[in-house]
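This report concerns only the one structure given below.
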Amino acid sequence: MKAYVIERAGGPEVLQLQDIPRREAGPNELRIRVRAFGLNRAETYLRAGRMGEITAPRVPGIEAVGEVIADASGQFRVGQRVATAMGGLQFGRPGSYAEEVTVLRDNVVDLGDTSLSWAELAALPEAYLTVWGALTRRLAIQKGQTLLVRGATSSVGLAAIAYAKWLGLKVIATSRSSDNLERLHSIGADAALVDDGAIADQVRDVASGGVDAALEVVGAATLRDTIRAVRPFGGVAVIGLLGGPPVLENFHLMQDLPGAINLAFFPSGLFGTDALPLGDAPLAAIAHDMAEGRIPSLVSRIFDFGDVPVAHGHMESNRGLGKLVVQL
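If you use the working numbering, the sequence shown corresponds to residues 2 to 329, in order.
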């Protein structure tokens, strides 16, 4: 089968399309014919050598959508439309930049009987599973509450806006550029703010007393200010590190973490574990309502399978306001 292979760290040019052996599914695995996959920063970090030295050929990719080829357990039927994310993809096993992928069964989600295209479906797994885990499972957001999305022009930030509006929340979203505010409103943000690094007072002007919850996509660089925007007994979940290393210097528990605020880091590596089984993940419902026009699309550009290096270059240029996907 054809797959992209990285044999050395470097730029997009090190992504080489090669013929590699198919990997048969073990007792706890299934094989999927990949129809499309989303692109993620984690794959550019792997390619560039920022996730450790590349000592053996690696197939990148942490998510995909497609059809089941084989599942010995019979839990999934042949031809069933499914999504997969994480579960060791690109790290402990070959990733999803391939015509087929073998994955852990616990990291597979049924997409149901949806009319949504493969390209649109490819924008869902990593982004929406992350916001579901962080907002619903970790922060326990509720209809009628107010959410701050810090760093909302990222694909996961846009998914957070769309998901929160789908659940009936009020959303305040931020971007470093005023040029992006209209995009945030188009996804559903009730208020969109230009982020100069200190927006807590503006957020409190919009949400008197502070927001109920905040999703921090920028990371350590803005976390103290994000915490200041949250009401007592509210919560903050960190899901991104766009602003640099995940290190807080001289963090003062009483001054920097006031008002009994709940602070957590949510890693997508929990997907499919005993701590976060995916059986009740809402991907099928999201796909259905997106096909019906009740949830906006996140896709900003679709690339052909032969153009993955070009897609990586586009992603690193920060020109896309949304999800970049590759369709086979």
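Where a beta carbon is used, it is the ideal one built from N, C-alpha and C, also for glycine.
Owing to the predicted nature of the structure, the values given are computational and were not obtained by experimental measurement.
- Query: How about Gly152 and Thr175: do their beta carbons lie closer than 8 Å?
  - Reply: For this step, residue 152 is matched to residue 151 along the sequence shown. For this step, residue 175 is matched to residue 174 along the sequence shown. Yes, the Cβ-Cβ distance between Gly152 and Thr175 is below 8 Å.
- request: State the Cα-Cα distance for the pair Met52 and Val104, rounded to the nearest angstrom.
  value: On the sequence shown, residue 52 is found 51 positions in, with the first residue counted as 1. On the sequence shown, residue 104 is found 103 positions in, with the first residue counted as 1. So the two alpha carbons sit approximately 21 Å from each other.
Practice task
Just the C-alpha distance for Gly260 and Gly236, rounded to the nearest angstrom, thanks.
Solution key: What you label residue 260 is simply residue 259 of the sequence shown in a count that begins at 1. What you label residue 236 is simply residue 235 of the sequence shown in a count that begins at 1. The C-alpha of Gly260 lies about 10 Å from the C-alpha of Gly236.
query = Does the beta-carbon distance from Ala215 to Leu148 come in below 8 Å?
reply = Walking along the sequence shown from the start, residue 215 turns up at place 214. Walking along the sequence shown from the start, residue 148 turns up at place 147. Yes, the Cβ-Cβ distance between Ala215 and Leu148 is below 8 Å.
* CB of Leu125 within 8 Å of CB of Ile228, strictly -> Counting from 1 along the sequence shown, the entry for residue 125 is found at position 124. Counting from 1 along the sequence shown, the entry for residue 228 is found at position 227. No; because the gap between Cβ atoms is not below 8 Å, this pair is not in contact.
- Message: Quick check: Gly321 and His315, are their CB atoms within less than 8 Å of each other?
- Response: The sequence position of residue 321 within the sequence shown is 320, counting from 1. The sequence position of residue 315 within the sequence shown is 314, counting from 1. Contact flag set, yes.
Can you check which of these residues, Gly198, Asp180, Val204, is closest to Asp191 by C-alpha distance?
Taking the sequence shown and counting its residues from 1, one reaches residue 191 at position 190. Per the Cα distances, Val204.
Rounded straight-line distance, which links the Cα of Ala208 to that of Arg184
The residue given as residue 184 occupies position 183 in the sequence shown. The residue given as residue 208 occupies position 207 in the sequence shown. Cα-Cα distance, rounded: 21 Å.
Residue burial classification, Gly11 (beta-carbon count within 10 angstroms, cutoff 16) = As a position in the sequence shown, residue 11 is number 10, starting the count at 1. Exposed is the call here.
Check: Going by Cα to Cα distance, which pick from Ala238, Leu122, Thr154 is closest to Pro283?
Finding: The count along the sequence shown starts at 1 and reaches residue 283 at position 282. Measuring from the Cα of Pro283, the nearest candidate turns out to be Leu122.
(message) Give me, in chain order, the residues of the same chain whose beta-carbon lies closer than 7 Å to that of Val212; leave out the 5 immediate sequence neighbours on both sides.
(response) Counting from one through the sequence shown, the residue named residue 212 turns up at place 211. Close CB contacts of Val212 within its chain, under the 7 Å cut and outside five residues either way in sequence, are with Thr147, Leu148, Leu149, Ile173, Val204, Ala230, Val231, Arg232, Gly235 (chain order).
(request) In angstroms with no decimal places, state the Cα-to-Cα distance between Val311 and Pro13. (result) Taking the sequence shown and counting its residues from 1, the one referred to as residue 311 is at position 310. Taking the sequence shown and counting its residues from 1, the one referred to as residue 13 is at position 12. So the two alpha carbons sit approximately 7 Å from each other.
Leu329 versus Ile33: straight-line alpha-carbon distance, rounded: Within the sequence shown, the letter at position 328 stands for residue 329. Within the sequence shown, the letter at position 32 stands for residue 33. Going by the C-alpha atoms only, they are around 13 Å apart.
* Within 10 angstroms of the Cβ of Val120, are there 16 or more other Cβ atoms? Answer buried if so, exposed if not. => Sequence index remark: in the sequence shown, residue 120 carries index 119 (1-based). Reading off the sequence shown, one finds Ala at residue 120, where the question assumed Val. So Ala120 counts as buried.
Any idea if Asp305 is buried or exposed, counting beta-carbon neighbours within 10 angstroms, 16 or more meaning buried?
Residue numbering aside, residue 305 sits at position 304 when the sequence shown is read from its first letter. With fewer than 16 Cβ atoms within 10 Å of its Cβ, Asp305 is classed as exposed.
> Taking all protein chains shown into account, do 16 or more other C-beta atoms lie within 10 angstroms of the C-beta of Gln19, making it buried, or fewer, making it exposed?
Replying inline: Reading the sequence shown from its first residue, position 18 is the one you call residue 19. The residue in question, Gln19, is exposed, as its Cβ has fewer than 16 Cβ neighbours within 10 Å.
Close beta carbons around Val309, own chain, < 7 Å, minus the five adjacent residues each side: For this step, residue 309 is matched to residue 308 along the sequence shown. Taken in chain order, the residues that qualify are Tyr5, Leu16, Tyr98, Val327.
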